[in-house]
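Asker: Sharing a structure here in structure tokens format.
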Amino acid sequence: MLEVKNLHVKLAEEDRTILNGLTLDVKAGEVHAIMGPNGSGKSTLSYVLAGREGYEVTGGEVKFRGEDLLAMEPDQRAAKGLFLAFQYPIEIPGVATMQFLKVALNAQRKARGEKELTTPEFMRLVKDRASKLDIPQDMLKRAVNVGFSGGEKKRAEILQMAVLEPSLCILDETDSGLDIDALRVVADGVNALRSPERAMVVITHYQRLLDYIVPDYVHVLSQGRIVKSGGKELALELEAKGYAEFAKEAA
Amino acid sequence: MNIAVNKTPAELAYDGMLLPHPRLEDWKWTNLRVLIDRPYPPRLKVEAQTKDVERLLKRDPLAKIAHARIVFVNGVFDKASSNLPAGGAVRVTPHLAPLAAADEPVLEMNKAFADDGVHVEITSNIDAPVELVHVATDAEARTIATRHKITVADGAAATLFETHLGEGDYLTNSVIDVALGAGAKLDRVKLEIESREAIHLAHARITLGANAVLRDFTLTSGARVNRQNGTIAFTGEKADAKIAGSYLLSGRQHADTRLLVDHQMPKCTSREVFKCVMDERARGIFQGKVVVQRDAQKTDGKQSSHGLLLSETAEFDAKPELEIYADDVVCGHGATSGDIDHNHLFYLRSRGVPEAEAKSMLIVAFVAEAFETIGHEGVRDQLTHFAEQWLVSHKDAAP
Chain A
12 MLEVKNLHVK LAEEDRTILN GLTLDVKAGE VHAIMGPNGS GKSTLSYVLA
62 GREGYEVTGG EVKFRGEDLL AMEPDQRAAK GLFLAFQYPI EIPGVATMQF
112 LKVALNAQRK ARGEKELTTP EFMRLVKDRA SKLDIPQDML KRAVNVGFSG
162 GEKKRAEILQ MAVLEPSLCI LDETDSGLDI DALRVVADGV NALRSPERAM
212 VVITHYQRLL DYIVPDYVHV LSQGRIVKSG GKELALELEA KGYAEFAKEA
262 A
Chain B
820 MNIAVNKTPA ELAYDGMLLP HPRLEDWKWT NLRVLIDRPY PPRLKVEAQT
870 KDVERLLKRD PLAKIAHARI VFVNGVFDKA SSNLPAGGAV RVTPHLAPLA
920 AADEPVLEMN KAFADDGVHV EITSNIDAPV ELVHVATDAE ARTIATRHKI
970 TVADGAAATL FETHLGEGDY LTNSVIDVAL GAGAKLDRVK LEIESREAIH
1020 LAHARITLGA NAVLRDFTLT SGARVNRQNG TIAFTGEKAD AKIAGSYLLS
1070 GRQHADTRLL VDHQMPKCTS REVFKCVMDE RARGIFQGKV VVQRDAQKTD
1120 GKQSSHGLLL SETAEFDAKP ELEIYADDVV CGHGATSGDI DHNHLFYLRS
1170 RGVPEAEAKS MLIVAFVAEA FETIGHEGVR DQLTHFAEQW LVSHKDAAP
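Those sequence lines, one after another, are chains A and B.
For the first sequence, my numbering assigns the number 12 to the initial residue and increments by one for each residue that follows.
For the second sequence, my numbering assigns the number 820 to the initial residue and increments by one for each residue that follows.
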């Protein structure tokens, strides 16, 4: 599904290397957790995969479903099945949530050569997904993320994911800013989307989220590369020892 | 008022009438002596083909919404394509009352050259919108001047559209005088979608009686050069005016709005909201002045103008002015200019929305605050659709 090989990335405007030889292989049906301290390059990885500007790839390659991901525009990546749940979802005043989601879904379907959904078909789909995530209808009537609480923003991200049905979900610090009840709702939403055809990359600072979204593999990211990989028990080990200790040991 | 200089070819075609010199403060951003770069002789009679008129009338986005249409073709009232309002609530009569001497170039030009116009009298409430349509057909470059008068009787309410569109090279000079009686209400929507070769010069003079309510919106998108003057005067207490506008400009289009809101009486409210979008090398200008006279206590006047620049070569200039002679007032103004928020754009694109469509969504979101002034929902939808299509349509049209 996703093959990252020896990826080197620097900031476009600054001479600062963020990713320094990162390699990752994610297959369909797998859930990978990437853990690391602040500044280890977690968010950069998610942004580079989604195609945000401001980064320069200086080496390595990324293949997504067999194609060169880095050559695609952000909207092409989305149509191909990549979805990034943002750590800080963007507020867009004046753009209605429902209209935005409908345009996005139909643009993706069009790009894939599928039939676009009619408004009633779309409304049914969103209502179904929203009820499973405890999202009230009035939230959908507001502008994209505007006036949403931290928890609502994260739930709205998962709703978008559930509607767009991507094949690769990248969750960037989805647990940040959530209390335990909200975390459970979000995790249930994510778990409901687990399937043999879909892969997930869960980026997190804390082990807590992984109690709810149990990964198949855990990777430790430090100074722009993966320094250790293992099963889900690695997360607990990491939590007990702390990142500093761990980075030393790995180096 | 004009500064003596050698006459330009356009001025010679105007029997030597002088165009405003850019050293005049109001005209410093719009140098008509340079922008009107060829002669536009006045009073040129042009015969229009029916099929051309029909084609142009169909292009008007408001065509299906207006119940009554008063059509001017090349500056002359065209009874055949008009659909005059039925019933007694609206009276339409020819209007060419002499224009009093006015120390303003657009008015002076109109006084000299306007050949036709109507007086639309609204005597009671009407639900059905009335449209004044101005169509110019493709012919020799010329000046087309019209002058209209709108009166809304005390307590009456109406929705009025004013549309300007055409083909080929011409110069429109449009003057409209609007008087709202006590407690009258008017929703006015002006749509400037002239030919891309055209020049559009306009002056609207609006007075509001006591407790009158005005909602005024202008969309400016067609002409290569546009200059619109507006004067809004409160002549009675407790009147309320919202004046909004949007530009959607590309190429080398130039649009300049000069608005004067004159609070002469106490307890009136004015809001100005201009949301202007400029792409490529287009230039948008907004000059808004709010005057609060000595007697106009308890005035509430606010003005805002915002530019959205879609390219590094686009430009937006704003000159907000407040002139306050009363001491118990609330007035303010704000002006900003910036480009598209790249975080917004990335977020939309990361969900699969292609770049042009994502930009169009953000353009519509940007202008929404001005479009909200349009009271008629059907018109708001039509013009929102126009704004949605605008970016893609001008990119497609570019060579």
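In this text, a Cβ means the ideal position worked out from N, Cα and C, and glycines have one as well.
Pull up the CB-CB distance for residue 977 of chain B and residue 949 of chain B, whole angstroms please, since I reckon it's below 8 Å.
Answerer: Yes, residue 977 of chain B and residue 949 of chain B are in contact; Cβ-Cβ is about 7 Å, under 8 Å.
Asker: Grouping DSSP H, G and I as helix and E and B as strand, with all else coil, what is residue 1205 of chain B?
Answerer: Helix.
Asker: Express the C-alpha separation of residue 145 of chain A and residue 1022 of chain B in angstroms, rounding to a whole number.
Answerer: Approximately 55 Å between the Cα atoms of the pair.
Asker: Going by DSSP in three states, residue 820 of chain B sits in which element: helix, strand or coil?
Answerer: At residue 820 of chain B, the pLDDT of 48 sits below 50, so the modelled position is not reliable; the number obtained from the coordinates is stated separately. In the structure shown, residue 820 of chain B sits in coil (DSSP, three-state: anything other than H, G, I, E or B).
Asker: Measure from the C-beta of residue 1184 of chain B to each C-beta in chain A and report whether the shortest distance is under 8 Å.
Answerer: So yes, residue 1184 of chain B belongs to the interface.
Asker: Sort out for me which residues DSSP pairs residue 789 of chain B with in a bridge.
Answerer: With chain B covering 820 to 1218 only, the question about residue 789 of chain B has no answer from this structure.
Asker: Extract the residue ranges of the beta strand (DSSP E) inside the region 59–143 of chain A, only unbroken runs of 3 or more that lie entirely within it.
Answerer: Qualifying beta strand (DSSP E) stretches, in chain order: 66–75, 93–96 and 103–107.
Asker: Over the uninterrupted alpha helix (DSSP H) stretch that includes residue 989 of chain B, give me the two end residues.
Answerer: It is not in any alpha helix (DSSP H) - residue 989 of chain B carries neither H nor E in the DSSP assignment.
Asker: For a contact meaning CB atoms closer than 7 Å, what does residue 101 of chain A contact in chain B?
Answerer: Chain B residues near residue 101 of chain A: 1162, 1163 and 1166.
Asker: Taking C-beta to C-beta, are residue 234 of chain A and residue 51 of chain A nearer than 8 Å?
Answerer: Yes; because the gap between Cβ atoms is below 8 Å, this pair is in contact.
Asker: In chain order, what residues of the same chain have a beta carbon less than 6 Å from the beta carbon of residue 198 of chain A, not counting five sequence neighbours either side?
Answerer: Excluding residues within five positions, the ones whose Cβ falls inside 6 Å are 223 and 224.
Asker: Are the region 876–883 of chain B and the region 922–938 of chain B touching, with three or more C-beta to C-beta distances below 8 Å?
Answerer: No, because fewer than three Cβ pairs between the region 876–883 of chain B and the region 922–938 of chain B fall closer than 8 Å, the two stretches do not touch.
Asker: Taking C-beta to C-beta, are residue 1136 of chain B and residue 848 of chain B nearer than 8 Å?
Answerer: Yes. Within cutoff.
Asker: Roughly how many angstroms separate the alpha carbons of residue 205 of chain A and residue 1202 of chain B, rounded to a whole number?
Answerer: Spanning the two alpha carbons is a distance of roughly 44 Å.
Asker: Just to confirm, is the Cβ distance from residue 1127 of chain B to residue 1153 of chain B under 8 Å?
Answerer: No, the Cβ-Cβ distance between residue 1127 of chain B and residue 1153 of chain B is not below 8 Å.
Asker: Going by the DSSP bridge assignment, what does residue 974 of chain B pair with across the sheet?
Answerer: DSSP, once it has assigned bridges, lists no residue as partnering residue 974 of chain B.
Asker: Residues of chain B with CB under 8 Å from residue 85 of chain A, in chain order?
Answerer: Neighbours of residue 85 of chain A on chain B, chain order: 1165, 1168 and 1169.
Asker: Could you give the distance in angstroms between the alpha-carbon of residue 936 of chain B and the alpha-carbon of residue 898 of chain B?
Answerer: Computed Cα separation, rounded: 13 Å.
Asker: Please go through the same chain and pick out, in chain order, the residues whose beta-carbon is closer than 7 Å to the beta-carbon of residue 945 of chain B, but skip the five residues on each side of it.
Answerer: These residues qualify, in order along the chain: 908, 909 and 977.
Asker: What's the gap between the Cα of residue 853 of chain B and the Cα of residue 828 of chain B?
Answerer: Cα to Cα, the separation comes out at about 10 Å.
Asker: Quick check on the burial criterion: 16 or more other C-beta atoms within 10 angstroms. Buried or exposed for residue 241 of chain A?
Answerer: It is exposed - the Cβ of residue 241 of chain A has fewer than 16 other Cβ atoms within 10 Å.
Asker: Please identify, using Cβ separations under 9 Å, the residues of the region 155–185 of chain A that lie next to chain B, in order along the chain.
Answerer: Those residues of the region 155–185 of chain A that come within reach of chain B (Cβ to Cβ, closer than 9 Å) are 155, 156, 171 and 175.
Asker: Just how far apart, CA to CA, sit residue 1049 of chain B and residue 1197 of chain B?
Answerer: Between residue 1049 of chain B and residue 1197 of chain B, the C-alpha separation is close to 25 Å.
Asker: Would you mind working out which of B:1057, B:1091 and B:1069 sits nearest residue 1118 of chain B, comparing C-alpha positions?
Answerer: Selected option, being the one with the closest Cα: B:1057.
Asker: Going by the DSSP bridge assignment, what does residue 1045 of chain B pair with across the sheet?
Answerer: Residue 1045 of chain B pairs with B:1019 and B:1074.
Asker: When every heavy atom of the ligand FAD is checked, does at least one fall within less than 7 Å of the C-beta of residue 874 of chain B?
Answerer: The ligand FAD is not part of the structure shown, which contains no ligands of any sort.
Asker: Please tell me whether residue 839 of chain B has its Cβ less than 8 Å away from any Cβ of chain A.
Answerer: With 8 Å as the cut-off, residue 839 of chain B does not count as an interface residue toward chain A.
Asker: Smallest Cα separation from residue 1033 of chain B: which of B:1047, B:1004, B:1039 and B:1011?
Answerer: Among B:1047, B:1004, B:1039 and B:1011, the Cα nearest to that of residue 1033 of chain B is on B:1004.
Asker: Of all the residues that make up the region 115–127 of chain A, which are near chain B by a beta-carbon distance shorter than 8 Å?
Answerer: Hits within the stretch, in order: 115, 116, 118, 119 and 122.
Asker: DSSP state of residue 1157 of chain B, grouped into three classes?
Answerer: DSSP places residue 1157 of chain B in strand when its eight states are reduced to three.
Asker: For residue 151 of chain A, which residues in chain B fall below 9 Å Cβ to Cβ?
Answerer: Near residue 151 of chain A there are no residues of chain B at all, since even the closest Cβ is about 15 Å away, more than 9 Å.
Asker: At a CB-CB cut-off below 8 Å, which residues of chain A make contact with residue 1187 of chain B?
Answerer: Within 8 Å Cβ-Cβ: 105.
Asker: Using a Cβ-Cβ cut-off of 8 Å, state whether residue 1174 of chain B counts as contacting chain A.
Answerer: So, interface residue.
Asker: For residue 1149 of chain B, does the count of other Cβ atoms within 10 angstroms reach 16, so buried, or fall short, so exposed?
Answerer: By the 10 Å Cβ count, residue 1149 of chain B comes out exposed.
Asker: Excluding the five sequence neighbours on either side, which residues of its own chain have a C-beta within less than 6 Å of the C-beta of residue 1218 of chain B, listed in chain order?
Answerer: For residue 1218 of chain B, the pLDDT reaches just 47, beneath the cut-off of 50, and the residue's location in the model is therefore unreliable, although a value from the coordinates is still provided. Excluding residues within five positions, none has a Cβ falling inside 6 Å.
Asker: Which chain B residues sit within Cβ distance under 9 Å of residue 209 of chain A?
Answerer: The premise fails here: residue 209 of chain A is roughly 17 Å from chain B at the closest Cβ pair, so nothing lies under 9 Å.
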